[in-house]
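Letter by letter, the sequence shown follows residues 2 to 652 of our numbering. Idealized CB from N, CA, C, for every residue including glycine.
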Amino acid sequence: MSVDNASIESVLKETRTFDPPATFAEQANIRSEEQYNEMWQRAKDDPASFWGELATEHLHWFKPFDSVMEGKMPETNWFSGGKTNVSYNCLDRHLETDRRNKAALIWEGEPGDTRVLRYQDLHREVCRFANVLKKLGVETGDRVTLYMPMIPELTIAMLACARIGAVHSIIFGGFSADAVADRNNDAQARIVVTADGGWRRGKEVQLKAAVDAAMDKSPTVEKVVVVKRTGGDVDMVPDRDFWWHDLVEGVSAECDAVELDAEHPLFILYTSGSTGKPKGVLHTTAGYLLGATMTSQWVFDLREDDTYWCTADIGWITGHSYITYGPLSNGASVVMYEGGPNWPDEGRFWEIVEKYQVSIFYTAPTAIRAFIKWGRQWPEKHDLSSIRLLGTVGEPINPEAWMWYHEVIGQERCPIVDTWWQTETGGIMISPLPGITPTKPGSCARPLPGVVPDIVTKDGTSLEANQGGLLVMRQPWPHMLRTLHGDHDRFVSTYFSEIDGCYFAGDGARRDEDGYIWVMGRVDDVINVSGHRLSTMEVESALVSHELVAESAVVGFPHDLKGEGICCFVTLKDGSGDDELVKVLVKHVREQIGALATPDKIRFAAGLPKTRSGKIMRRLLRDIAAGRESVQDTTTLEDLSVLAALRNDEE
Ligand code: PRX
């Protein structure tokens with residue numbers, strides 16, 4: 002990861018603040034400034050006793066741990082000697098309480114079909130599917146790919162893997178066959194669980210067909226389990242493909258949760274890197290679960306009677322931590338929705354809020370920007386008075402979108418938690434606490450207890466208030482990633498080599514005079530399209546894999562709806578491009594990576610601006626893509642005429 006552009010100029014000045022509503026503060030899980038300060042200080046000074054006490058109090062252990070934390074970043078070990086199981090914590094322990102009859106999952110399909118699974122129902126289904134996995138030969142430590150729509154079987158499959166110690170690798174359903182094959186191979190997955198398809202804006206997303214195409218290039222995968230969701234036509238290969246409903250038929254609903262080491266791997270989740278292939282972020286059992294559990298309590302202030310809805314897809318970390326593991330570990334009732342927010346119309350989300358009386362609503366700025374575009378008449382058609390808390394995640398939220406969220410959805414009544422975190426951090430790191438933190442639109446406020454951030458220069462020096470720099474973590478936390486699957490060196494070099502002794506995952510930020518953190522986006526070349534972090538490098542490789550393309554450079558540019566759009570500069574091997582070739586290349590990228598990487602602009606160029614060592618200078622291209630004058634340093638540019646040609650082309 003490069004930190005070349007580590008000094009960041011802050012242009013955002015925001016002075017509005019909003020106090021938490023008094024009624025909220027009175028009953029919140031963390032309810033006073035003193036309590037927060039005391040927790041934060043204690044976690045900083047004595048992390049072992051802080052996290053150790055929480056782990057004992059909030060998790061179930063088959064065998065207690067001997068020590069809380071060993072080692073230092075990047076090699077830390079949490080709760081060693083302890084034995085636990087994530088599935089047991091999310092299910093079995095609730096069955097001994099009144100929660101056994103509480104709704105765990107309240108699911109709605111896009112066509113309007115619904116399913117409610119109480120904790121005991123979910124437990125039964127998870128045990129059955131865990132037994133199925135065992136019958137298919139899955140053993141503790143084996144990797145299982147889940148490439149599924151947002152249906153209850155996805156949650157069931159995750160918890161079934163966790164129950165027997167298999168490691169799930171979930172691939173977002175928007176990825177293409179090639180992306181599935183790459184991830185199958187990197188993870189060496191033995192089983193793929195998928196569905197015939199899923200519903201998205203009235204159309205079937207054909208998942209099984211993509212798996213079929215991926216199977217030709219996935220030599221480690223032995224068997225495919227298919228959920229019948231849409232009823233669409235699929236090819237079932239004998240002895241390789243099995244229907245989920247056939248496999249669970251008559252299978253016992255009893256399956257003891259395996260007593261796993263605290264550091265047993267729980268899942269791999271692929272995330273884009275700025276260079277090379279996607280990174281298989283690996284999270285482990287106890288530390289991850291403790292983080293997901295505690296942050297859900299602190300940030301969402303979960304109470305027994307809440308109906309909680311996180312609109313993310315489970316294929317991203319937000320869905321892992323805040324649809325499945327965090328809320329279920331806390332015994333919450335979780336709403337899960339399969340389809341698009343504008344199907345059959347733009348009021349769908351608000352209809353769901355009203356129908357299930359959602360009290361906590363967690364979404365992404367890209368969704369909020371779409372709601373704003375569609376207009377307030379949609380939410381205004383529905384009763385949103387059940388909502389008591391709003392959240393956002395995924396990218397910086399611009400203050401005007403924050404204000405709209407506050408006024409139109411929160412009706413000026415609900416605190417907004419702007420939560421900063423990453424796939425790598427496993428759980429929320431920086432966020433307002435809804436009962437106590439006055440919020441400022443656009444700021445994710447202060448670190449949670451146990452999180453010790455700093456804002457530094459490239460040489461690790463802490464910066465003064467209001468100076469933009471690199472956001473780092475100075476202290477380890479239990480839910481941090483442990484490695485990148487199969488590439489520990491890359492793990493160390495990506496996150497721990499830039500700033501000595503610190504974790505750095507690439508964001509720029511500043512801290513204001515009140516200690517509030519304002520995240521300013523990535524300092525490297527990852528683009529955030531509709532809340533999805535895409536590697537420019539992956540899009541470039543996809544383009545270059547086309548026979549006519551010589552070279553390409555991909556950058557983001559500001560996009561009203563998506564946050565960032567994808568602009569591709571392409572040089573051809575021969576001749577000049579035309580509109581027809583633009584269409585061909587767009588289709589090519591979609592096939593290689595998936596619809597989420599669809600280029601918004603493709604521009605042909607005779608040459609790309611490069612440094613003398615041959616590195617493409619994307620920062621210059623970003624200005625061109627955004628149509629703005631560049632004030633950047635061009636002294637390292639090898640050939641200035643290339644830049645002039647690109648600019649002329651613009652005009
Ligand atoms: O740049 C930050 C941005 O999203 C990145 C993490 O992306 P990912 O691993 O896909 O996880 C997204 C969901 C946790 C961060 O490095 N980001 C996330 N939340 C915020 C944010 N930027 C500003 N404010 C946030 N609240």
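Would you mind reading off the limits of the alpha helix (DSSP H) that contains residue 162? First-last of the alpha helix (DSSP H) with residue 162: 153 to 165.
Do the region 153 to 169 and the region 580 to 593 make contact, defined as three or more Cβ pairs closer than 8 Å? No contact exists between the region 153 to 169 and the region 580 to 593.
Closest by CA to residue 382, which one among 355, 363, 390? From the listed residues 355, 363, 390, the smallest Cα separation to residue 382 is found for 355.
Over what stretch of residues does the beta strand (DSSP E) that includes residue 1 continue unbroken? Nothing in the structure corresponds to residue 1, since the chain is present only between 2 and 652.
So, with DSSP's three-state summary, where would you put residue 363? In this structure, residue 363 counts as strand in the three-state DSSP scheme.
Does the distance from the C-beta atom of residue 424 to that of residue 471 stay below 9 Å? No, they are not a contact pair.
Residue 520: CB within 8 Å of a non-hydrogen atom of the ligand PRX: Checking every heavy atom of the ligand PRX against the Cβ of residue 520, one is found closer than 8 Å.
Per DSSP, residue 446 is paired with what? The partner list for residue 446 (beta bridge, DSSP) reads 518.
List, from N- to C-terminal side, the alpha helix (DSSP H) runs of 4 residues or more that fit wholly inside the region 20 to 73. If we require 4 residues or more, the alpha helix (DSSP H) runs fully inside the region 20 to 73 come out as 23 to 28, 34 to 46, 48 to 59.
Between which two residues does the alpha helix (DSSP H) containing residue 403 stretch? Here the alpha helix (DSSP H) through residue 403 covers 400 to 405.
Going by other Cβ atoms of all chains shown within 10 Å of its Cβ, with 16 needed for buried, is residue 187 buried or exposed? A residue is called buried when at least 16 other Cβ atoms come within 10 angstroms of its Cβ; residue 187 meets this threshold and is buried.
Tell me whether residue 210 counts as near the ligand PRX, meaning its Cβ is closer than 8 Å to at least one heavy atom of that ligand. For the ligand PRX, not one heavy atom lies less than 8 Å from the Cβ of residue 210.
Continuous alpha helix (DSSP H) stretch holding residue 128: start and end: That run of the alpha helix (DSSP H) goes 120 to 136.
Own chain partners of residue 610 with C-beta closer than 6 Å, once the 5 adjacent residues on each side are dropped: Excluding positions up to five away in sequence, the list reads 618, 621, 638, 643, 644.
What residue range is occupied by the uninterrupted beta strand (DSSP E) comprising residue 241? If you look at residue 241, you'll find it isn't in any beta strand (DSSP E); DSSP assigns it neither H nor E.
Expressed to the nearest angstrom, what Euclidean distance is found between the alpha-carbon atoms of residue 130 and residue 549? Computed Cα separation, rounded: 47 Å.
With distances taken between CB atoms, is the gap from residue 444 to residue 338 smaller than 9 Å? No, the pair does not count as a contact, with Cβ atoms beyond the cut-off.
Top-ranked residue by Cα proximity to residue 530, from 545, 560, 496: Nearest option by C-alpha distance: 560.
In whole angstroms, what separates the C-alpha of residue 241 from that of residue 225? Rounded to the nearest whole angstrom, the CA to CA distance from residue 241 to residue 225 is 6 Å.
Could you check if residue 523 belongs to the surroundings of the ligand PRX, using beta carbon to heavy atom distance under 8 Å? The answer is yes for residue 523.
Assuming residue 170 is part of the beta strand (DSSP E), what are its boundary residues? Following the DSSP letters along the chain, one finds residue 170 inside the beta strand (DSSP E) bounded by residues 168 to 171.
Looking at the structure shown, is residue 301 part of a helix, part of a strand, or coil, going by DSSP? The answer is helix: DSSP assigns residue 301 an H, G or I state.
Return helix, strand or coil for residue 645, following the three-state DSSP convention. The answer is helix: DSSP assigns residue 645 an H, G or I state.
Kindly confirm or deny that the region 79 to 89 and the region 52 to 71 touch, where touching means at least three C-beta pairs closer than 8 Å. The region 79 to 89 is in contact with the region 52 to 71.
Which residues in the same chain as residue 265 place their Cβ atom closer than 7 Å to its Cβ, once the five residues preceding and following it in sequence are excluded? Setting aside the 5 residues that flank it on each side, residue 265 is surrounded in the same chain by 166, 285, 286, each with a C-beta closer than 7 Å to its C-beta; the list follows chain order.
Let's see if you can read the secondary structure: which residues bound the alpha helix (DSSP H) around residue 389? Per DSSP, residue 389 belongs to no alpha helix (DSSP H) and is neither H nor E.
For residue 190, which option in 345, 23, 147 has the closest C-alpha, if you only look at C-alpha atoms? Ranking the options by Cα distance to residue 190, first place goes to 147.
Leaving out five residues on either side along the sequence, give the residues of the same chain with a beta carbon under 6 Å from the beta carbon of residue 377. If we look at residue 377 and ignore the five residues flanking it on each side, its Cβ neighbours are 409.
If you measure between the beta carbons of residue 309 and residue 359, is that distance less than 9 Å? Going by beta carbons, residue 309 and residue 359 fall inside the 9 Å limit.
Exposed or buried, what is residue 484 when buried is set at 16 or more other beta-carbons lying within 10 Å of its beta-carbon? Burial call: buried.
List the residues that DSSP assigns as beta-bridge partners of residue 336. Per DSSP, 107, 310.
Just to confirm the assignment, what range does the beta strand (DSSP E) spanning residue 489 have? Here residue 489 belongs to no beta strand (DSSP E); instead the alpha helix (DSSP H) covers 489 to 497.
Please give the ranges of any beta strand (DSSP E) in the region 163 to 236, keeping only runs that are unbroken, at least 3 residues long and fully inside the region. Listed in chain order, the beta strand (DSSP E) runs fully inside the region 163 to 236 are 168 to 171, 192 to 196, 199 to 201, 204 to 206, 224 to 228, counting runs of at least 3 residues.
When the Cα atoms are used, what is the spatial distance from residue 34 to residue 442? Distance between the alpha carbons of residue 34 and residue 442: 20 Å.
Provide the residue(s) that pair with residue 569 in DSSP beta bridges, ordered along the chain. Beta-bridge pairing links residue 569 to 555, 603.
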